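Protein chains: 2
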Amino acid sequence: MKIRELGERALIEHIARLLSRPVNKVIEGAGEDDCAVLDIGTDRYLLVTTDMLHRKTDFPSRMTAQQIGWMSVAVNLSDLASKGAMPLGVVMAMGIPPDTELSFIEEVVRGMDECASTYGTQIIGGDTDSHDELTMAGTALGTVKKELLIRRSGAKVGDFVCVTGNLGSAGAALLALDKKIPVSQEILKALFEPAPRINEGMALANSRAVTSMMDISDGLALSLHDMSKASGVGFKIYENRLPVHPEIRTLLKGREHLEASVFTGGDFELLFTVAPEKLDKAKKACPLTVIGEVIEMGVFIEKAGRVEELEARGYEHFKKLD
Amino acid sequence: MKIRELGERALIEHIARLLSRPVNKVIEGAGEDDCAVLDIGTDRYLLVTTDMLHRKTDFPSRMTAQQIGWMSVAVNLSDLASKGAMPLGVVMAMGIPPDTELSFIEEVVRGMDECASTYGTQIIGGDTDSHDELTMAGTALGTVKKELLIRRSGAKVGDFVCVTGNLGSAGAALLALDKKIPVSQEILKALFEPAPRINEGMALANSRAVTSMMDISDGLALSLHDMSKASGVGFKIYENRLPVHPEIRTLLKGREHLEASVFTGGDFELLFTVAPEKLDKAKKACPLTVIGEVIEMGVFIEKAGRVEELEARGYEHFKKLD
Numbered sequence: 001m002k003i004r005e006l007g008e009r010a011l012i013e014h015i016a017r018l019l020s021r022p023v024n025k026v027i028e029g030a031g032e033d034d035c036a037v038l039d040i041g042t043d044r045y046l047l048v049t050t051d052m053l054h055r056k057t058d059f060p061s062r063m064t065a066q067q068i069g070w071m072s073v074a075v076n077l078s079d080l081a082s083k084g085a086m087p088l089g090v091v092m093a094m095g096i097p098p099d100t101e102l103s104f105i106e107e108v109v110r111g112m113d114e115c116a117s118t119y120g121t122q123i124i125g126g127d128t129d130s131h132d133e134l135t136m137a138g139t140a141l142g143t144v145k146k147e148l149l150i151r152r153s154g155a156k157v158g159d160f161v162c163v164t165g166n167l168g169s170a171g172a173a174l175l176a177l178d179k180k181i182p183v184s185q186e187i188l189k190a191l192f193e194p195a196p197r198i199n200e201g202m203a204l205a206n207s208r209a210v211t212s213m214m215d216i217s218d219g220l221a222l223s224l225h226d227m228s229k230a231s232g233v234g235f236k237i238y239e240n241r242l243p244v245h246p247e248i249r250t251l252l253k254g255r256e257h258l259e260a261s262v263f264t265g266g267d268f269e270l271l272f273t274v275a276p277e278k279l280d281k282a283k284k285a286c287p288l289t290v291i292g293e294v295i296e297m298g299v300f301i302e303k304a305g306r307v308e309e310l311e312a313r314g315y316e317h318f319k320k321l322d
Numbered sequence: 323m324k325i326r327e328l329g330e331r332a333l334i335e336h337i338a339r340l341l342s343r344p345v346n347k348v349i350e351g352a353g354e355d356d357c358a359v360l361d362i363g364t365d366r367y368l369l370v371t372t373d374m375l376h377r378k379t380d381f382p383s384r385m386t387a388q389q390i391g392w393m394s395v396a397v398n399l400s401d402l403a404s405k406g407a408m409p410l411g412v413v414m415a416m417g418i419p420p421d422t423e424l425s426f427i428e429e430v431v432r433g434m435d436e437c438a439s440t441y442g443t444q445i446i447g448g449d450t451d452s453h454d455e456l457t458m459a460g461t462a463l464g465t466v467k468k469e470l471l472i473r474r475s476g477a478k479v480g481d482f483v484c485v486t487g488n489l490g491s492a493g494a495a496l497l498a499l500d501k502k503i504p505v506s507q508e509i510l511k512a513l514f515e516p517a518p519r520i521n522e523g524m525a526l527a528n529s530r531a532v533t534s535m536m537d538i539s540d541g542l543a544l545s546l547h548d549m550s551k552a553s554g555v556g557f558k559i560y561e562n563r564l565p566v567h568p569e570i571r572t573l574l575k576g577r578e579h580l581e582a583s584v585f586t587g588g589d590f591e592l593l594f595t596v597a598p599e600k601l602d603k604a605k606k607a608c609p610l611t612v613i614g615e616v617i618e619m620g621v622f623i624e625k626a627g628r629v630e631e632l633e634a635r636g637y638e639h640f641k642k643l644d
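Protein chains in written order, with my numbering: chain A, 1 to 322; chain B, 323 to 644.
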């Protein structure tokens, strides 16, 4: 069987099964959550996450070098954010075509540094290597107080389903670029310079109101399915509650809205569940929108009064090359 | 200016200068040593290192999938070893061509797992991504007691210069493959399944006899120059003291010996300096060979009674593609 036929999620599960069972100090191991979680013998867990990005697949041609650097750090910080962690540092391995101009790499490094600084952390190390295609493999470290760690797996039936920020901005920007429709810098930035929700993640963890959390960079639909699997529950969300930027309401037409908000991915927002009696506490932590509720099983969306199953479709490596 | 013209070491220095200055808790930051070193508020430092490897550049065609996995972990563990650290976990981002057979990736993962297990650690997370060329970007975490951390920068004039194991085995294997000369499995393994000196590194740190240390995977000559720069001292080594595997004495001819032992790289041995009065302590920690001494400045080699400058030449990305 080829990797292409298996797809990313099945591959990750398969790899995780091949690995030795984690020892006690590994609280979450490979394939289990957005970050690996280690007990380092203090009152805080150490969290680690890694993401590899490539020129052709992950950096649209209109992205600047500075935005490539920013994105390479942001994608890792977003995983830390989803566990409520405080960033500790980022290392970046860079595969660089030898004919690249030094000034281009300088801009990439400035973007990396800027993103790290913006979220209270820094680039602490890395590796450079000659490679045909620009490849950025970042690893972010963070810590979280042991009693505040939020996993994908804590959602309970009756909890509210919430998201930070707006949905579909990155997807709308992608569509606008494809169709050559003019679009504001703000919307383009949602795609090219996404803001990882580090501060919101930490505030939500501190609120102790959140029962499960993950980021939705692969799209809301896939993330709901991932969380459903991890928590052993189902979800029902409402199309008319999905928060959308006003510009996108006019930019997109008909089914494009749902496609961008739910399936395309690229929004670096947090998806989380909140115990009903603690919703006020969560609202004090950061702006949020309640988009649905946790149910027994299945993943559903209510559109114009009709309830439908929500497909497990979104941004997935390997598959999307078919 | 193109990256190719600058070369790897100058690029890393340049990138490090572009980054924000590390805050207090970062003990060693980007470009300073084999690992980044973080103060996490316990009696141990946290160490982080990352390395990206590629099919074409780093995995000779005769390497098995299992060996590719082993190497991708070993290269990172070797950096931990050079700081005397105990491994805590490894994350691996894998860029995989979609047409790769699943069985091939299974073997890669088994090799990763085997290498991690052999050195008392494990694969705790990762990322998979579609990519034209198989690309493995690993990050290893480790810890070391604060008072036992060994840097590149502590060598003192009069110290002995020492190495673990043999030099030139990887280089000889490479040469033998190039020239299609038959060679033993043991020598091939030095190239394809190098053994990171984790246990030796920890034992040397515990001996408190070592003043500076790094690994020599880029070759002894480049490593001596790196350490000379970091420590502000010079080195004199003796060709006739370089430890060489008996098979290689007969396999290589004339100048090939020096080329393989000093310049080619690929040996995952440790280079370290020892205070003269503590040499016995270091010898109790692990088998070692004294190959020279620390001097005021310059890097020299004595060959057949004649002292020559030792060129700063070895395995360097970008440059070697010229």
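We put the CB at the ideal spot given by N, CA and C, even for glycine.
Just so it is clear, the structure is predicted and the values come from calculations on it, not from any experiment.
Quiz prompt | the region 389-416 of chain B: positions lying closer than 7 Å to chain A by Cβ | solution = Residues are counted here when their Cβ sits less than 7 Å from a Cβ of chain A; for the region 389-416 of chain B these are L410, G411, V413 and A415, given in chain order.
Quiz prompt | Proximity test, Cβ basis, 8 Å: L321 (chain A) and chain B | solution = The predicted position of L321 (chain A) is uncertain, since its pLDDT is 35 and thus under 50; a value taken from the coordinates is nonetheless stated next. Put simply, the CB of L321 (chain A) is near chain B, with a gap under 8 Å to one of its CB atoms.
Self-check item: Pair within 8 Å by beta-carbon distance, E175 (chain A) and F272 (chain A)
Solution: The residue asked about is misnamed: residue 175 (chain A) is Leu in this sequence, not Glu. Cβ distance not < 8 Å, so L175 (chain A) and F272 (chain A) don't count as in contact.
Quiz prompt | At least 3 beta-carbon pairs within less than 8 Å: the region 148-161 of chain A vs the region 33-52 of chain A | solution = Counting C-beta pairs closer than 8 Å gives three or more between the region 148-161 of chain A and the region 33-52 of chain A, which meets the contact rule.
Practice problem: Return the chain-ordered list of same chain residues with a C-beta closer than 6 Å to the C-beta of G447 (chain B), the five sequence neighbours on each side being excluded. | Solution: Here the set comprises V413.
Self-check item: Alpha-carbon spacing of P276 (chain A) relative to T164 (chain A), whole angstroms
Solution: The alpha-carbon atoms of P276 (chain A) and T164 (chain A) are separated by roughly 17 Å.
Quiz item: Nearest chain A C-beta to Q507 (chain B) closer than 8 Å, yes or no?
Solution: Cβ-Cβ to chain A under 8 Å: no for Q507 (chain B).
Self-check item: Beta carbon of L258 (chain A) nearer than 8 Å to that of S82 (chain A)
Solution: With contacts defined by Cβ atoms closer than 8 Å, L258 (chain A) and S82 (chain A) do not form a contacting pair.
Quiz item: How long is the line joining the alpha carbons of W392 (chain B) and D435 (chain B), rounded to whole angstroms?
Solution: One C-alpha to the other measures close to 8 Å.
Quiz item: Run through DSSP, which three-state label would I3 (chain A) get?
Solution: DSSP, read as helix, strand or coil, puts I3 (chain A) in helix.
Practice problem: Could you work out which residue in A:K283, A:I237, A:G266 and A:G95 is closest to K303 (chain A) when comparing CA atoms only? | Solution: Selected option, being the one with the closest Cα: A:I237.
Quiz item: Leaving out the 5 sequence neighbours to the left and right, which residues in its chain are closer than 8 Å to E133 (chain A) when beta-carbon positions are compared?
Solution: Closer than 8 Å at the Cβ level, and outside the excluded window around E133 (chain A), lie H54, R55, K56, G95 and P97.
Quiz item: alpha helix (DSSP H) containing R571 (chain B): first to last residue?
Solution: Start and end: P568 to L573.
Quiz prompt | Per-residue burial, D267 (chain A) [other beta carbons within 10 Å of its own, 16 or more giving buried] | solution = By the neighbour-count rule (16 or more Cβ atoms within 10 Å), D267 (chain A) is buried.
Exercise. Going by CA-CA distance only, name the one from B:T450, B:L360, B:L573 and B:E330 that's closest to A16 (chain A).
Key: Nearest C-alpha to A16 (chain A): B:T450.
Quiz item: Given that a residue counts as buried once 16 or more other Cβ atoms are within 10 Å of its Cβ, and exposed if not, what is D51 (chain A)?
Solution: Per the 10 Å Cβ criterion, buried.
Self-check item: Enclosing alpha helix (DSSP H) for T379 (chain B) [first to last residue]
Solution: Here the alpha helix (DSSP H) through T379 (chain B) covers R377 to D380.
Quiz item: Is V73 (chain A) helix, strand or coil when you go by DSSP?
Solution: Correct three-state label for V73 (chain A): helix.
Practice problem: Please name the residue, chosen from A:S184, A:G89 and A:I12, that lies closest to P344 (chain B) on a Cα-to-Cα basis. | Solution: P344 (chain B) has its Cα closest to that of A:G89, out of A:S184, A:G89 and A:I12.
Self-check item: Test item: CB-CB of A65 (chain A) and G142 (chain A) under 8 Å
Solution: Contact check for A65 (chain A) against G142 (chain A) fails: the beta carbons are separated by 8 Å or more.
Self-check item: Within chain B, partners of S20 (chain A) - CB distance below 7 Å
Solution: By Cβ distance, chain B contributes D435, S439 and Q444.
Quiz prompt | Contacting residues, own chain, Cβ-Cβ under 6 Å from A668 (chain B) (five flanking each side not counted) | solution = Within the shown structure, residues of chain B are numbered from 323 to 644, placing residue 668 (chain B) beyond reach of any answer.
Self-check item: Residue closest to A604 (chain B), alpha-carbon to alpha-carbon, out of B:A531, B:S400, B:G620 and B:D537
Solution: Answer by Cα proximity: B:A531.
Quiz item: Based on Cα-Cα distance, which residue from B:G493, B:E428, B:M536 and B:P409 lies nearest to A438 (chain B)?
Solution: Of the candidates B:G493, B:E428, B:M536 and B:P409, the one whose C-alpha sits nearest the C-alpha of A438 (chain B) is B:P409.
Practice problem: Have a look at the DSSP bridge pairing and note the partners of K236 (chain A). | Solution: Paired residue(s): A:E293 and A:F300.
Quiz item: Quick one: what does DSSP say L321 (chain A) is sitting in, helix, strand or coil?
Solution: Per-residue confidence for L321 (chain A) stands at a pLDDT of 35, beneath the threshold of 50, marking its modelled position as unreliable; the derived number appears in the next sentence. Residue state for L321 (chain A) is assigned as helix, using DSSP reduced to three classes.
Quiz item: the region 354-374 of chain B: which residues have C-beta closer than 9 Å to a C-beta of chain A, in chain order?
Solution: Correct list: E354, D355, C357, A358, V359, L360, I362, G363, T364, R366, L368, V370, T371, T372, D373 and M374.
Exercise. Check the Cβ of D454 (chain B) against every Cβ in chain A and list those closer than 9 Å, keeping chain order.
Key: Per Cβ cutoff of 9 Å: H54, K56, D132 and E133.
Exercise. Step through the CB atoms of chain B and report whether any lies within less than 8 Å of the CB of A30 (chain A).
Key: A Cβ of chain B is located within less than 8 Å of the beta carbon of A30 (chain A).
Self-check item: Selection from B:G433, B:V395 and B:S506 that minimises the alpha carbon distance to E569 (chain B)
Solution: Nearest option by C-alpha distance: B:S506.
Quiz prompt | Per-residue contacts from I12 (chain A) into chain B (C-beta, under 7 Å) | solution = In chain order: T450.
Quiz item: Using CA coordinates, which residue listed in B:E618, B:T533 and B:F585 is at the minimum distance from L564 (chain B)?
Solution: It is B:F585 whose Cα lies nearest to the Cα of L564 (chain B).
Quiz prompt | Spatial distance of N528 (chain B) from L368 (chain B) (CA atoms) | solution = When rounded, the distance between both Cα atoms is 17 Å.
Self-check item: Beta carbon of I431 (chain B) nearer than 8 Å to that of L18 (chain A)
Solution: It should be noted that the sequence gives Val, not Ile, for residue 431 (chain B). In this structure, L18 (chain A) lies closer than 8 Å to V431 (chain B) by Cβ.
Quiz item: Are the beta-carbon atoms of A170 (chain A) and P194 (chain A) separated by less than 8 Å?
Solution: With respect to P194 (chain A), A170 (chain A) sits close: the two C-beta atoms are nearer than 8 Å.
Practice problem: Look at the Cβ atom of I301 (chain A), then the Cβ atom of E239 (chain A), and state whether they are nearer than 8 Å. | Solution: Yes, these two residues count as a Cβ contact at 8 Å.
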